[in-house]
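>
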Amino acid sequence: MRQGKYRFLTVFMALPMAIFVIFVVSPYAQAFYLALTDWTGYTPTYNFIGLQNFAYLFGIEGPPDRFFWMGLRNNLILLLIVPAATIAIALFFAAMLNLSGSTKGGQIRGVRGSSFYRILFFVPQVISVAALGIMFQQVFQPSGLLNSMLRLFPGADPPSWLADPRTALLTVIVTLVWTNVGFYMVYFSAAMANIPRELLEAAAIDKASRWQSFRLITFPLLRPSLQVAFIYLGIMALDAFAIVQIMTIGPGGPNESTTVMALSIYKNFKEQGQFGYATAQGVILFFITIVLAAFTLRATKREEVEM
Amino acid sequence: MTLAAAPPGEQLKLSQETAPIKVGRGERGLTVFTHVFLIGWALIVAIPLIWVLFSSLKTDNEIFVDSWKPPAALQFDNYARAWNASHISQYFFNSLIVVTASVVIVMVLGAMVAYCLARYEFPGRTILRYAFIGAMAVPLFLAIVPLFGVVKGFGLLNTYHGLIAVYVAYAMPFTVFFLTGFFSTLPKEISEAAFVDGAGHYRTFFSVMLPMARPGMISIGIFNALGLWNQYLIPVFLVTDESKFVVPQGLAILAATAGYRSDFSGLFAGLMIGMAPVLVLYLIFQKQIQSGMTAGALK
Numbered sequence: 494m495r496q497g498k499y500r501f502l503t504v505f506m507a508l509p510m511a512i513f514v515i516f517v518v519s520p521y522a523q524a525f526y527l528a529l530t531d532w533t534g535y536t537p538t539y540n541f542i543g544l545q546n547f548a549y550l551f552g553i554e555g556p557p558d559r560f561f562w563m564g565l566r567n568n569l570i571l572l573l574i575v576p577a578a579t580i581a582i583a584l585f586f587a588a589m590l591n592l593s594g595s596t597k598g599g600q601i602r603g604v605r606g607s608s609f610y611r612i613l614f615f616v617p618q619v620i621s622v623a624a625l626g627i628m629f630q631q632v633f634q635p636s637g638l639l640n641s642m643l644r645l646f647p648g649a650d651p652p653s654w655l656a657d658p659r660t661a662l663l664t665v666i667v668t669l670v671w672t673n674v675g676f677y678m679v680y681f682s683a684a685m686a687n688i689p690r691e692l693l694e695a696a697a698i699d700k701a702s703r704w705q706s707f708r709l710i711t712f713p714l715l716r717p718s719l720q721v722a723f724i725y726l727g728i729m730a731l732d733a734f735a736i737v738q739i740m741t742i743g744p745g746g747p748n749e750s751t752t753v754m755a756l757s758i759y760k761n762f763k764e765q766g767q768f769g770y771a772t773a774q775g776v777i778l779f780f781i782t783i784v785l786a787a788f789t790l791r792a793t794k795r796e797e798v799e800m
Numbered sequence: 008m009t010l011a012a013a014p015p016g017e018q019l020k021l022s023q024e025t026a027p028i029k030v031g032r033g034e035r036g037l038t039v040f041t042h043v044f045l046i047g048w049a050l051i052v053a054i055p056l057i058w059v060l061f062s063s064l065k066t067d068n069e070i071f072v073d074s075w076k077p078p079a080a081l082q083f084d085n086y087a088r089a090w091n092a093s094h095i096s097q098y099f100f101n102s103l104i105v106v107t108a109s110v111v112i113v114m115v116l117g118a119m120v121a122y123c124l125a126r127y128e129f130p131g132r133t134i135l136r137y138a139f140i141g142a143m144a145v146p147l148f149l150a151i152v153p154l155f156g157v158v159k160g161f162g163l164l165n166t167y168h169g170l171i172a173v174y175v176a177y178a179m180p181f182t183v184f185f186l187t188g189f190f191s192t193l194p195k196e197i198s199e200a201a202f203v204d205g206a207g208h209y210r211t212f213f214s215v216m217l218p219m220a221r222p223g224m225i226s227i228g229i230f231n232a233l234g235l236w237n238q239y240l241i242p243v244f245l246v247t248d249e250s251k252f253v254v255p256q257g258l259a260i261l262a263a264t265a266g267y268r269s270d271f272s273g274l275f276a277g278l279m280i281g282m283a284p285v286l287v288l289y290l291i292f293q294k295q296i297q298s299g300m301t302a303g304a305l306k
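Top line first, the protein sequences correspond to chains A and B.
First residue of the first sequence: 494, per this note's numbering; consecutive thereafter.
First residue of the second sequence: 8, per this note's numbering; consecutive thereafter.
#1: I'd like to check one pair, residue 726/A with residue 627/A: are the Cβ atoms closer than 8 Å?
#2: Compile a chain-ordered list of the residues in the segment 218-238 of chain B whose CB is closer than 9 Å to at least one CB of chain A.
#3: One question on the structure: do residue 110/B and residue 509/A come within less than 8 Å of each other, judged by their Cβ atoms?
#4: So, for residue 22/B: in the same chain, excluding its five sequence neighbours on each side, which residues have a beta-carbon less than 7 Å away from its beta-carbon?
#5: Name, in chain order, the residues that DSSP records as bridge partners for residue 541/A.
#6: Under 7 Å Cβ-Cβ, which residues of chain A neighbour residue 194/B?
#7: Would you mind telling me which residues of chain B sit closer than 8 Å to residue 498/A, beta carbon to beta carbon, in chain order?
#8: Give the secondary structure of residue 65/B by DSSP, where H, G and I count as helix, E and B as strand, and everything else as coil.
#9: Spell out a yes or no on whether the segment 175-188 of chain B and the segment 196-207 of chain B are touching, meaning 3 or more CB-CB pairs, one atom from each, closer than 8 Å.
#10: Does the Cβ of residue 558/A lie closer than 7 Å to at least one heavy atom of the ligand NAD?
#11: From residue 214/B to residue 673/A, what does the alpha carbon distance come to, in whole angstroms?
#12: At the 8 Å Cβ level, is residue 300/B part of the contact set with chain A, yes or no?
#13: Do we get a CB-CB distance below 8 Å when we pair residue 801/A with the residues of chain B?
#14: Helix, strand or coil: how does DSSP classify residue 557/A here?
#15: What separation, rounded to the nearest whole angstrom, lies between the Cα atoms of residue 532/A and residue 613/A?
#16: On the premise that residue 736/A lies in contact with residue 656/A, defined as a C-beta separation below 8 Å, what is that separation, rounded to the nearest angstrom?
#17: Give the straight-line distance between the Cα atoms of residue 754/A and residue 661/A, rounded to the nearest whole angstrom.
#18: Assess contact between the segment 768-775 of chain A and the segment 702-710 of chain A, defined as three or more Cβ pairs (one per stretch) separated by less than 8 Å. Is contact present?
#19: Measuring CB to CB, does residue 180/B end up less than 8 Å from residue 143/B?
#20: When the cut-off is 8 Å and only beta carbons count, does residue 549/A lie next to chain B?
#21: Which value, in whole angstroms, describes the spacing of the CA atoms of residue 68/B and residue 747/A?
#22: Would you call the segment 139-157 of chain B and the segment 234-247 of chain B in contact, with 3 or more CB pairs under 8 Å?
#23: How would you write the range of the alpha helix (DSSP H) that residue 738/A sits in, first residue to last?
#24: Under 9 Å, CB to CB, which of the residues in the segment 145-159 of chain B have a partner in chain A?
#25: Whose CA, out of 189/B, 187/B, 112/B, lies closest to the CA of residue 232/B?
#26: From which residue to which residue does the alpha helix (DSSP H) around residue 193/B run?
#27: For residue 800/A, would you say it is in contact with chain B, using Cβ-to-Cβ distances shorter than 8 Å as the test?
#28: In chain B, which residues lie less than 8 Å from residue 563/A when you measure between Cβ atoms?
#29: Would DSSP call residue 275/B helix, strand or coil?
#30: Strictly under 8 Å for the Cβ-Cβ distance: is residue 505/A near chain B by that measure?
#31: Inspect the beta-carbon positions of residue 739/A and residue 634/A and report whether they are closer than 8 Å.
#32: With distance defined between alpha-carbon atoms, name the residue in 56/B, 260/B, 97/B, 135/B nearest to residue 518/A.
#33: Taking a Cβ distance cut-off of 8 Å, strictly less, list which residues of the segment 515-549 of chain A are near chain B, in chain order.
#34: Can you tell me which of the three DSSP states residue 76/B falls into?
#35: Between which two residues does the alpha helix (DSSP H) harbouring residue 84/B extend?
The following block contains the structure:
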């Protein structure tokens, strides 16, 4: 019955595996070596230069690479604000949509029109980041949508959001939160729907208020989903490439106030042709991402034990 | 670092959570409170999108003076200009070719690999599974510059098949992961029966198992179509020839040059053209897309 199994497996897997190994596995593997070379991408040969790219990056001989470190700084700001804000808002709406309707026939219902909200809030997630970046670039223009609405209020003197170093990063944060809230709202809603009804029924019999049953039942049971959301949004906050590259002045400006590590990689690749150096920055971004993921997993695991 | 949000293949339930509860006081207040916030966020989401639609039908002057106002007269020629003069038609055509081919190929190849992984024992199976999961977790920025070298080495820069190969390669891990879950849930008796009836490995796959995996294939197909249509990072690094640009990349160029050409109405029309296909797809398949993406993107 299982004659020719290995022949069959070879026929089925050879091509897909070849594509996967050539275009996915090999670039990842090469990255760690190319980061140690002076590869420019335009000459066929390159030299092994050891840790020189990293020395340059860290400013061991000469000033450190300001653009990259400003990028790291901004990435860390995004990392502190964007996941927390996105998750807080998304969780709030998920709870509202699912738990806050009227209690018809003794049942907590989703709020009226919840399916409409679910469809609308999710829309940003299906549009390309490129299109959203352009949309918000126009919204935040001096004479764009936001300022033209603000000027309806007498005496308002709105800033030019993207041109002012004090507000530019804020526009990036707002855009990222706006883009992601709907997705996580749907995600948390799905997780809430998986909570056994008996638990909420038991809480209701014990005369728990809605807030109590959310705090003591729904929220703890959502912990794994929150953990996933934190890691995923954290990875996104360490990237943020498309929004920054398309939306901000420069891009990355003004005065490097919005640049991110990924933009530094892109600029060294595209504008300077320093492929080896750009790859070295990719290696650093990779290690920061791994540390973040490990840290989040550990931190949330400990909380679970305490519970 | 596998972050499976839900077992692949299992549709996330999006049903409303219901539970009996005593009718509490202040319920009305809660409902009003809820609606104020929900309507508030609905406006925050919808207004910028409606504004893009309005702006795409305005004159340039109307866009700059009192930008919040709806268009006085509908300027449909903005669309004609974006489609022809701004080369959106070319980008659209490029995206269509690359995305269609990539989705079809990755579904076929992904299903083949997933089937082997799900239903056959062979040495190296576990390593392969971990390789796919690992590939989903590692940031693309580590690989993107070396990937340029690989694609260049094959002489595939600025070609359709080069971009298709890369799209297929990067869509493969999740496709395999998702479909492996799907194939392993199919009952074993059916493939046994097919073998007993004299069907070979190939026949069993193509005439029995593949048709049964149809719901999973549709979910992952829509997911890949959306994701690849919106892909920005890969083409920005790999495609330098403007005649081969895909839609998101073309829009970014349009935005960067809208100032010099002082054609902002054309830019907004281009944005609408770029967003329309995914919005239409989303409105038709919104349930599957929401459940597929929440199960999927959080791999």
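We treat Cβ as the ideally placed atom computed from N, Cα and C, and that holds for glycine.
From the atom records:
#1: no
#2: 233, 236, 237, 238
#3: no
#4: The predicted model places residue 22/B with a pLDDT of 44, which falls under 50 and marks its position as unreliable, so this point remains unresolved.
#5: 530/A
#6: Correct list: empty, because the minimum Cβ distance to chain A is about 17 Å.
#7: The contacting residues are 127, 129, 208.
#8: coil
#9: no
#10: You won't find the ligand NAD in this model; it holds no ligand whatsoever.
#11: Here the alpha carbons of residue 673/A and residue 214/B stand approximately 41 Å from one another.
#12: yes
#13: One cannot answer for residue 801/A here, as it falls past the ends of chain A, which runs 494 to 800.
#14: coil
#15: 47 Å
#16: About 17 Å; that fails the 8 Å criterion.
#17: Between residue 754/A and residue 661/A, the alpha-carbon positions lie close to 17 Å from each other.
#18: no
#19: yes
#20: no
#21: 27 Å
#22: yes
#23: 734-740
#24: 145, 146, 147, 148, 149, 150, 151, 152, 153, 154, 155, 156, 157, 158, 159
#25: 112/B
#26: No alpha helix (DSSP H) holds residue 193/B; DSSP gives it neither H nor E.
#27: Here residue 800/A scores only 40 on pLDDT, less than 50, and its place in the model is too uncertain to base an answer on.
#28: Neighbours of residue 563/A on chain B: none; closest Cβ ~17 Å, over 8 Å.
#29: Residue 275/B: helix per DSSP, three-state reduction.
#30: Taking 8 Å as the threshold, the shortest C-beta distance from residue 505/A to chain B falls below it.
#31: Not closer than 8 Å, so no.
#32: 135/B
#33: 515, 516, 517, 518, 519, 520, 521, 523, 524, 527, 532, 534
#34: coil
#35: 84-91
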